[in-house]
Amino acid sequence: MAEKQVTIEVSDGAAIPRTGDRGLVSAWRLSFLIALALFLYLIVFRQEPYLRLLKLLPDGIIVTLEVTCASIGLSVVIGLFTGLGRLSRNRLVNLVASTYVEVVRGIPLLVQLFYLYYALARFVLLPDMAAAVIGMSVCYGAYMGEVFRAGIQSIDRGQTEAAMSLGLNRMQTMFSVILPQAWRTILPPVGNESIALLKDTSLVSILAVSDLLRRGREFAAESFLYFETYTLIAIVYLLITLILSKLVSLMEERLGQYERP
Amino acid sequence: MYRAISLMVLAMSLLTGNAWAKTIVFATDATWPPMEFVDENRRVVGFAVDYMEAAGREAGFTPVFKVVAWDGIFAGLAADKYDAICSSVSITEERRKAMDFSIPYFEVRQALVVNRDSSADGLEDLKGKRVGAQIATTGYFAVRKVDGIEPRSYDEIGLAIEDLYNGRIDGVVCDDPVAAQYALRNKKYRDSLKIGTIIESGDVEYYGIAIKKGDTETLNLVNEGIKAVKAKGLDKEILNKWIGR
């Protein structure tokens, strides 16, 4: 049975032709090597203006990573509760969770960010970082919610029935029987959403948050070196997302040790 | 038959006015009132628009305005997306290296806009605070020059003014006619904002029309137009209409 099982390992391009294929050439290694080689070439051999730009980037990279990490953490929590809410038998809880998903999925993230920062300023003045993190988390919480819902639903009903017949209540069943199993299914898409979230943090630069993209835009608009600036910015983003995607696939592998027969 | 065609040509040239005049496409980031902005009828209007239309009538070109975001406006010129930029571009040495400039058509200084109850007289008083400006404008360069101020770059000056009004930042630096538009004339802002100071450390700046390096045909036409507008005193009328000093 084991070889027939479909494993979703979207976050690592290596898994597409054959699962478990860990040859020397994988899509991840290829892209990482190319990105790294280009990066080093530009910084070490070309230097001007890449080195000058690179010196401006560390603050921006830190801001981008801060927004990313805080938003991933918060959106996973929101996603878990949304997913549970979507499966709840309580009509009210179910309605609230489902409406949240519908509304948030229907508004572009850019508009949500503008809304939080400029429109809501009439009622509550969110600091820029708070607006960025809340905006990203509320948006991705809805996506994560659907991932959690699907993951939980993928676990056989028999598991619930067995747990209940052993005398566990609904809460215990969910948190000590269903979720630990569902986590394996949930992790790859959560990893993908996290990578997408990281890339979408570039949108927060419209809130005058000095993230990686805004640092680059400031440099480009002053120096008129558009090609050089955005080449380096793209490479830096790629390197960061590739590292993140590697982390996700390492976590998948660890969870894969408990693969069901 | 021959007569019919020549009549048609004559009629067409009468209808279209100076049909043979060269069309010059100007890129403008129309978010900079009163110099160039989009009015409630969604037309690009303002001091610079009237100025270039007058220059076009004098020198024989038809200006067409294309709205482009400030952030990429110079990249578009280099990539031949339009012939020139008419968007309150201050002539600076760095910009001169990348593009050609017409003769100046307007003179500005940088102004600091603050909240009405602020006691700041200049940028020096705002050390340790956050001051906003539009990305890659001379106003932003002025903010960044002062040590100890946290500079914040916005995509549009209007967003920086709104953030100042909301209290997230303590000052905004921009060209003085724009500062006056927001702090003295704008209905929403004039009761809560004021012009703190005209920044003395900065030199006088001149707006010029940016033109792709080497495009002398466009450059000469625009220069000819600006010269004629100044010689006839048309610029005074336009100034009265939009700025009213």
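Each protein sequence line maps, in turn, to chains A and B.
Going by UniProt numbering, the first residue of the first sequence is number 1, and it counts up by one from there.
Going by UniProt numbering, the first residue of the second sequence is number 1, and it counts up by one from there.
The C-beta atom is built at its ideal place from N, Cα and C for all residues, glycine as well.
Every value quoted in this text rests on a predicted model; they were computed, and no experiment measured them.
Legend entry - Within chain B, partners of L125(A) - CB distance below 8 Å: Going along chain B in sequence order, the residues near L125(A) (Cβ under 8 Å) are N166, G167 and R168.
Legend entry - Meets three-Cβ-pair contact criterion under 8 Å: the stretch 204-222 of chain A and the stretch 131-140 of chain B: With the cut-off at 8 Å, the stretch 204-222 of chain A and the stretch 131-140 of chain B touch.
Inset, instruction - Compare the Cα-Cα distances from I103(B) to each of L112(B), C86(B) and S119(B) and report the closest residue. - result: C86(B) is the residue among L112(B), C86(B) and S119(B) whose C-alpha sits nearest the C-alpha of I103(B).
Legend entry - Rounded straight-line distance, which links the Cα of L40(A) to that of K227(B): One C-alpha to the other measures close to 51 Å.
Legend entry - V49(B) vs L123(B) beta-carbon contact at 9 Å: Result no, Cβ atoms of V49(B) and L123(B) do not sit closer than 9 Å.
Inset, instruction - Evaluate the contact criterion for the stretch 46-64 of chain A versus the stretch 118-127 of chain A: three or more CB pairs, one atom per stretch, below 8 Å. - result: Contact between the stretch 46-64 of chain A and the stretch 118-127 of chain A is absent, with fewer than three C-beta pairs closer than 8 Å.
Legend entry - Sufficient close CB pairs (3 or more, under 8 Å) joining the stretch 198-218 of chain B to the stretch 94-112 of chain B: Contact holds between the stretch 198-218 of chain B and the stretch 94-112 of chain B, because three or more Cβ pairs, one in each stretch, are under 8 Å apart.
Legend entry - chain B contacts from the stretch 123-150 of chain A (Cβ-Cβ distance under 8 Å): Residues L125, P127 and D128.
Legend entry - Cα-Cα separation between E93(B) and Y100(A), rounded to whole angstroms: Inter-residue distance for E93(B) and Y100(A) is about 53 Å (C-alpha atoms, whole angstroms).
Inset, instruction - Quick one: list the residues of chain B neighbouring R217(A), beta-carbon separation under 7 Å, in chain order. - result: Listed along chain B are D71 and I135, each with a C-beta nearer than 7 Å to that of R217(A).
Inset, instruction - Spell out a yes or no on whether the stretch 142-154 of chain A and the stretch 71-88 of chain A are touching, meaning 3 or more CB-CB pairs, one atom from each, closer than 8 Å. - result: In short, these stretches touch, since the Cβ pair count reaches three.
Inset, instruction - Measure the C-alpha to C-alpha separation of S88(A) and N94(A) and round it to an integer number of angstroms. - result: Answer to the nearest angstrom: the Cα atoms are 5 Å apart.
Legend entry - Listed by chain order, chain B residues near R214(A) by CB distance under 9 Å: In chain order, I135 and S153 make up the part of chain B whose C-beta sits under 9 Å from the C-beta of R214(A).
Inset, instruction - Let me know if A160(B) comes out buried or exposed under the rule of 16 or more other beta-carbons within 10 Å of its beta-carbon. - result: A160(B) is classed as buried because its beta carbon has at least 16 other beta carbons within 10 Å across all chains shown.
Inset, instruction - Answer yes or no: does any C-beta atom of chain B fall closer than 9 Å to that of V6(A)? - result: Any reading at V6(A) needs caution, since the residue's pLDDT is 49, under 50, leaving its predicted position unreliable; the model's value is listed next. Chain B, which has no Cβ nearer than 9 Å to the Cβ of V6(A), makes this no.
Inset, instruction - Starting from the beta carbon of E162(B), find every residue of chain A whose beta carbon is closer than 7 Å, and list them in chain order. - result: Neighbours of E162(B) on chain A, chain order: Y118.
Inset, instruction - In the DSSP assignment, find the unbroken alpha helix (DSSP H) run with T229(A) in it and report its ends. - result: Unbroken alpha helix (DSSP H) run through T229(A): Y226 to G256.
Legend entry - Residues that N115(B) bridges to, as DSSP identifies them: According to DSSP, residue pairing for N115(B) in a beta bridge involves L193(B).
Inset, instruction - Give the residues from the stretch 231-253 of chain A that approach chain B closer than 9 Å (Cβ to any Cβ), ordered along the chain. - result: None of the residues of the stretch 231-253 of chain A has a beta carbon lying less than 9 Å from any beta carbon of chain B.
Legend entry - 8 Å Cβ cut-off: residues of chain A touching F74(B): Result: A221 and F224.
Inset, instruction - Determine the DSSP secondary structure at D175(B), reduced to helix, strand or coil. - result: Annotated three-state conformation of D175(B) is strand, per DSSP.
Inset, instruction - For Y118(A), I'd like the list of residues in its chain whose CB is within less than 8 Å of its CB, leaving aside the five on either flank, ordered along the chain. - result: Nothing meets the Cβ criterion.
Inset, instruction - Would you mind telling me which residues of chain B sit closer than 9 Å to I62(A), beta carbon to beta carbon, in chain order? - result: One finds nothing in chain B with a Cβ atom closer than 9 Å to the Cβ of I62(A); even the nearest lies about 15 Å away.
Inset, instruction - Give the residues of chain B in contact with I152(A), contact being defined as C-beta atoms less than 8 Å apart. - result: Result: empty, since nearest Cβ-Cβ is about 41 Å, beyond 8 Å.
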